Amino acid sequence: MPLSTGEKLGPYEIVAPLGAGGMGEVYKARDTRLDRSVAIKVLPDHIAEREDSRARFEREARAVASLNHPNICTLHDIGPNYIVMELI
209 MPLSTGEKLG PYEIVAPLGA GGMGEVYKAR DTRLDRSVAI KVLPDHIAER EDSRARFERE
269 ARAVASLNHP NICTLHDIGP NYIVMELI
């Protein structure tokens with residue numbers, strides 16, 4: 209389900225869509241706790257309902273969180289069906 213401008217996902221307020229692909233949709237959002245811009249990748253409902261897809265999503269988040277490189281975005285947070293990353 210696409211998110212709309214102004215909609216909230218936890219403490220994150222959606223600002224604009226950035227793109228979409230096979231594993232989800234990406235939005236520019238504002239972190240209302242730390243007052244910063246972030247990117248949020250959201251799993252579509254049909255993928256989030258599948259246990260194996262959610263597990264793959266969580267593995268992706270763990271892999272990104274374990275890396276530290278100038279060409280790889282920083283992971284800030286993870287939710288039940290989304291990951292929050294540095295906006296580049």
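Following our numbering, the numbering of the sequence shown begins with 209 at its first residue and continues without gaps. Here a beta-carbon is modelled for each residue, glycine too, at the ideal position from N, C-alpha and C. In this text, all values refer to a predicted model and were calculated from it rather than measured experimentally.
Residue i and residue j closer than 7 angstroms at C-beta
i           : j           : result
residue 237 : residue 255 : no
residue 271 : residue 283 : no
residue 251 : residue 265 : yes
Cα-Cα separation between residue i and residue j, rounded to whole angstroms
i           : j           : result
residue 234 : residue 289 : 12 angstroms
residue 220 : residue 253 : 19 angstroms
residue 267 : residue 285 : 14 angstroms
residue 281 : residue 213 : 23 angstroms
residue 227 : residue 211 : 12 angstroms
With 16 other Cβ atoms within 10 Å as the buried cut-off, status of residue i
i           : result
residue 232 : buried
residue 275 : exposed
residue 248 : buried
residue 224 : exposed
Near the ligand ADP: residue i beta-carbon under 6 angstroms from a heavy atom
i           : result
residue 266 : No copy of the ligand ADP occurs in the structure displayed, which carries no ligand at all.
Integer-rounded CB distance, given that residue j should sit under 8 angstroms from residue i
i           : j           : result
residue 269 : residue 291 : 5 angstroms
residue 246 : residue 294 : 7 angstroms
residue 218 : residue 287 : 6 angstroms
Which runs of the beta strand (DSSP E) spanning at least 3 residues fall entirely within the segment 264-290, listed in chain order?
-> Listed in chain order, they are 283-286.
Alpha helix (DSSP H) segments (min. 4 residues) lying fully within the segment 219-266 | The segment 219-266 contains these whole alpha helix (DSSP H) runs: 253-256.
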